[in-house]
Amino acid sequence: MKNEGVYSRPQMVVANIGGLITGMNNDFNDLRGMKVTRRQVEVKYLDAVNFPNGNPDADPSIEAVSFYVVEAMSEETADQVQYELSTPIDADKAVIPGRTILADVCQWQYRGDGCMYAGGPVANDKDEPTSDPKADRCSHRLSGCRLRFPRPNPLPISCFPGSSKVG
4 MKNEGVYSRP QMVVANIGGL ITGMNNDFND LRGMKVTRRQ VEVKYLDAVN FPNGNPDADP
64 SIEAVSFYVV EAMSEETADQ VQYELSTPID ADKAVIPGRT ILADVCQWQY RGDGCMYAGG
124 PVANDKDEPT SDPKADRCSH RLSGCRLRFP RPNPLPISCF PGSSKVG
């Protein structure tokens, strides 16, 4: 998968009744960095009160939610103010992935932060059983984690098994 280019930058227009938004812009740096949540509900799911004959399909909980951050104020008049929005990822200048995605290599330190294993010795770094605490090592593979967290326990592993190549 390849993603190049910039994210969309939607515009948001707000009524500037009585200069309220102008005052907020002056006090809060044109609202830069403020979070905006957009909730979209399809017409067919709107409450029954919005239709003369009711709406048997009404379910306003079926919604599409988008999150944005105010990037800049692009226009201000006595009647309205327009802002340019960006996605939180774009606004943070985040780079994805934040770490390397490996299908079968755990990046946690054995018995350290993230690993959460605190039991007795289980296996060496080749997943061979051992009861010797000095030989107890993790292979940093899915198999090594499963030895320490048998089914049905969830694996606290720091790898991405679904990212392996297919075929």
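Sequential numbering of the sequence shown, starting at 4, is according to our numbering. Backbone N, C-alpha and C fix where the C-beta goes; we use that ideal spot for every residue, glycine too. Keep in mind the model is a prediction, meaning the values are calculated, not measured.
The stretch 71-156 is shown to contain whole alpha helix (DSSP H) runs of 4 or more residues at 91-95, 145-151, in chain order. For MET27, the enclosing alpha helix (DSSP H) stretches over residues 23-30. By alpha-carbon distance to MET119, the top candidate from THR103, ARG42, CYS141 is CYS141.
When beta bridges are read from the DSSP output, VAL16 appears opposite GLN85. For the set GLU131, ALA51, GLN110, the Cα lying nearest the Cα of CYS162 is the one of GLN110.
Residue pairing by DSSP places LYS38 opposite VAL72 in a beta bridge. In the three-state scheme derived from DSSP, where H, G and I count as helix and E and B as strand, ALA51 is classed as helix. It is roughly 9 Å from the alpha-carbon of VAL52 to the alpha-carbon of ALA61.
A contact between stretches requires three or more CB pairs, one per stretch, nearer than 8 Å, and the stretch 34-49 meets this requirement with the stretch 62-79. As computed with DSSP, ALA67 is found in a beta bridge with GLN43.
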